[in-house]
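Heads up: the structure comes next, in structure tokens.
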Amino acid sequence: MLNSQLLKIVEDFGSPVYVYDAEKIGSQYKRLTDAFKDVKKLKINYAVKALSNISILKYFNTLGAGIDTVSIQEVQLGLAAGFLPEQIIFTPNGVSLDEIEEATILGVQINIDNLSILEQFGTKHPNIPVCIRINPHVMAGGNSNISVGHIDSKFGISIHQIPHLLRIIENTKMTINGIHMHTGSDILDIDVFLYASEILFDTAKQFKNLEFIDFGSGFKVPYKTGDIETNIEELGQKLSEKFNNFCKEYGSDLTLAFEPGKFLVSQSGYFLTKVNAVKQTTSTVFAQVDSGFNHLIRPMFYGSHHEIINISNPKGRERFYTVVGYICETDTFGNNRRINEINEGDILCFKNAGAYCFSMASNYNSRYRPAEVLWHNKKAHLIRQRESFEDLLKNQIEIEFKSKKDNVLVG
Ligand SMILES: *Cc1c(COP(=O)(O)O)cnc(C)c1O
Numbered sequence: 024m025l026n027s028q029l030l031k032i033v034e035d036f037g038s039p040v041y042v043y044d045a046e047k048i049g050s051q052y053k054r055l056t057d058a059f060k061d062v063k064k065l066k067i068n069y070a071v072k073a074l075s076n077i078s079i080l081k082y083f084n085t086l087g088a089g090i091d092t093v094s095i096q097e098v099q100l101g102l103a104a105g106f107l108p109e110q111i112i113f114t115p116n117g118v119s120l121d122e123i124e125e126a127t128i129l130g131v132q133i134n135i136d137n138l139s140i141l142e143q144f145g146t147k148h149p150n151i152p153v154c155i156r157i158n159p160h161v162m163a164g165g166n167s168n169i170s171v172g173h174i175d176s177k178f179g180i181s182i183h184q185i186p187h188l189l190r191i192i193e194n195t196k197m198t199i200n201g202i203h204m205h206t207g208s209d210i211l212d213i214d215v216f217l218y219a220s221e222i223l224f225d226t227a228k229q230f231k232n233l234e235f236i237d238f239g240s241g242f243k244v245p246y247k248t249g250d251i252e253t254n255i256e257e258l259g260q261k262l263s264e265k266f267n268n269f270c271k272e273y274g275s276d277l278t279l280a281f282e283p284g285k286f287l288v289s290q291s292g293y294f295l296t297k298v299n300a301v302k303q304t305t306s307t308v309f310a311q312v313d314s315g316f317n318h319l320i321r322p323m324f325y326g327s328h329h330e331i332i333n334i335s336n337p338k339g340r341e342r343f344y345t346v347v348g349y350i351c352e353t354d355t356f357g358n359n360r361r362i363n364e365i366n367e368g369d370i371l372c373f374k375n376a377g378a379y380c381f382s383m384a385s386n387y388n389s390r391y392r393p394a395e396v397l398w399h400n401k402k403a404h405l406i407r408q409r410e411s412f413e414d415l416l417k418n419q420i421e422i423e424f425k426s427k428k429d430n431v432l433v434g
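First residue of the sequence shown? That's 24 in this note's numbering, and the numbers climb one at a time after it.
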């Protein structure tokens with residue numbers, strides 16, 4: 024998007040504000056489907072947790088995507104956005120049997136990643152087909168928080184437990200219609216991914232009634248210049264070939280499924296903040312913006328790098344700034360960044376603000392969560408209002424105390 028378009032959005036909707044470029048979401052979706060054009064049946068299920076605004080979900084629906092959900096609430100959001108139950112896969116971790124049953128009542132495909140729950144579910148509902156999440160124990164992922172395929176991971180059913188898994192299926196007479204893996208975000212090396220897929224194919228041969236194989240996600244997108252990006256085109260070509268060979272051997276055309284979040288929405292997002300103050304200390308120049316980890320926590324939570332640019336003064340002389348928030352805790356967005364000269368009142372733009380940014384926002388410090396705007400067909404559409412004071416108090420219950428002195432409850 025152009026700086027002028029972003030500045031106009033701040034003018035119209037205030038700061039801070041999240042902006043998403045629908046065209047970028049569409050082009051990423053197309054890139055992925057193009058990369059796998061040689062596969063007969065392809066299903067892209069957008070991972071709702073990355074960015075869950077209902078208008079974003081509706082937009083994905085128009086693109087032809089399904090959705091991947093991790094909570095019953097995300098399932099409900101998807102249904103509210105107009106997805107059919109059969110376009111939704113529910114891939115929770117560590118939820119109760121009740122929640123899984125609730126999802127099956129809504130008619131969505133469930134994915135179970137725990138032998139104990141699988142056995143209980145299969146015993147009660149042998150006629151509902153289930154997908155199982157396998158842990159291939161392949162180390163992948165950008166950091167230990169988002170690497171979920173390793174041996175000590177809480178995710179998935181270990182490939183070393185396949186005999187136990189098969190016994191449960193035999194005893195309960197349940198049907199396994201899909202197998203799934205999700206090795207974690209940030210796949211840097213296609214060979215690692217293909218290696219994990221071989222393990223999944225090997226496992227798949229043990230199940231006779233498969234309809235799909237779901238390869239999860241973990242596609243890496245560049246967050247700064249020089250970052251490695253998953254080569255989707257190469258992955259598409261190599262995995263499609265393996266998949267088509269597998270289908271031949273298996274004897275039916277299965278659906279190849281993916282469930283990317285970050286790849287589809289990360290680069291579509293811009294987070295716009297206003298500089299409240301520029302503060303010079305003996306060693307550092309701080310740019311203090313009207314936001315904090317209440318709105319964008321990834322840098323503090325994962326050490327993620329978000330590029331920060333000054334869209335008010337893009338031609339200004341470059342200087343070094345440490346960009347921080349207004350939260351009363353250390354909340355550094357970026358340390359010693361080279362940014363065009365910053366003046367108080369300038370608008371700083373955080374890139375890659377589509378995935379895991381708004382969806383992780385909170386009300387910490389009793390601040391409002393920001394507005395969200397979708398840029399679509401060259402127009403800005405408000406898709407979420409900035410919160411208000413009423414929102415902060417909503418659901419809080421006030422107790423009336425008798426007097427300030429004795430703090431005794433009335434009644
Ligand atoms: C979070 C998650 C995804 C999406 O991961 P990205 O790195 O955003 O693509 C996909 N599948 C499951 C099961 C997830 O939990």
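Yeah, the Cβ is synthetic: ideal placement off N, Cα and C, and Gly gets one too. In this text the structure is predicted, and so the values were computed from the model without any measurement.
{"Query": "Going by DSSP in three states, asparagine 333 sits in which element: helix, strand or coil?", "Result": "strand"}
{"Query": "According to the Cβ coordinates, are aspartate 237 and asparagine 68 closer than 9 Å?", "Result": "yes"}
{"Query": "Look at the alpha carbon of serine 167 and the alpha carbon of phenylalanine 424, and state the distance between them as a whole number of angstroms.", "Result": "Confidence at serine 167 is low in this model, with a pLDDT of 49, below 50, so its placement is unreliable and the value that follows should be read with caution. Their Cα atoms are separated by approximately 48 Å."}
{"Query": "Can you tell me where the alpha helix (DSSP H) with lysine 122 in it begins and where it stops?", "Result": "Reading off the sequence shown, one finds glutamate at residue 122, where the question assumed lysine. That run of the alpha helix (DSSP H) goes 120 to 128."}
{"Query": "For tyrosine 349, verify whether its CB is less than 8 Å away from any heavy atom of ligand 1.", "Result": "no"}
{"Query": "Would you grab the beta carbon distance between valine 71 and aspartate 91 for me? Rounded to a whole angstrom, and I think it's under 8 Å.", "Result": "7 Å"}
{"Query": "Would you mind sorting leucine 371 into buried or exposed? The rule is 16 or more other CB atoms within 10 Å of its CB.", "Result": "buried"}
{"Query": "Just to check, is the beta-carbon of alanine 126 closer than 8 Å to a non-hydrogen atom of ligand 1?", "Result": "no"}
{"Query": "Between serine 220 and the rest of its own chain, which residues show a CB-CB distance below 7 Å, the 5 nearest in sequence each way excluded?", "Result": "Phe238, Leu262 and Lys265"}
{"Query": "Using a Cβ-Cβ cut-off of 7 Å (strictly less than) and excluding sequence neighbours within five positions of glutamine 99, which residues of its own chain qualify?", "Result": "none"}
{"Query": "Which same chain residues, not among the five before or five after glutamate 34, have their C-beta less than 7 Å away from its C-beta?", "Result": "none"}
{"Query": "So, helix, strand or coil for aspartate 354, using DSSP?", "Result": "coil"}
{"Query": "If I measure Cβ to Cβ from aspartate 250 and keep anything under 7 Å in the same chain, skipping five residues before and after, which residues do I get?", "Result": "none"}
{"Query": "Does the segment 324 to 344 come into contact with the segment 352 to 363, if we say contact requires no fewer than three beta-carbon pairs (one atom in each stretch) closer than 8 Å?", "Result": "yes"}
{"Query": "Straight-line CA distance for phenylalanine 281 to lysine 64?", "Result": "12 Å"}
{"Query": "Output needed for asparagine 418: all residues of its chain with C-beta closer than 6 Å, excluding positions within five of it in sequence on either side, in chain order.", "Result": "none"}
{"Query": "Just list the residues that DSSP pairs glutamine 51 with in beta bridges.", "Result": "Partner(s): none; glutamine 51 has no beta bridge."}
{"Query": "Isoleucine 169 to alanine 378, Cα distance in whole Å?", "Result": "Model confidence at isoleucine 169 stands at a pLDDT of 46, short of 50, so the residue's coordinates are unreliable; what they give is reported in the following sentence. If I take the Cα positions, the gap works out to 14 Å."}
{"Query": "Residue range of the beta strand (DSSP E) that aspartate 91 falls in?", "Result": "89 to 92"}
{"Query": "Tell me which residues share the same chain as glycine 49 and place their Cβ nearer than 7 Å to its Cβ, disregarding the 5 neighbours each side in the sequence.", "Result": "Leu86"}
{"Query": "Within 8 Å: the Cβ of histidine 329 and any heavy atom of ligand 1?", "Result": "no"}
{"Query": "Name, in chain order, the residues that DSSP records as bridge partners for tyrosine 69.", "Result": "Ile90"}
{"Query": "Roughly how far, in whole angstroms, is the beta-carbon of tyrosine 246 from the beta-carbon of histidine 328, given that I think they are within contact range, below 8 Å?", "Result": "5 Å"}
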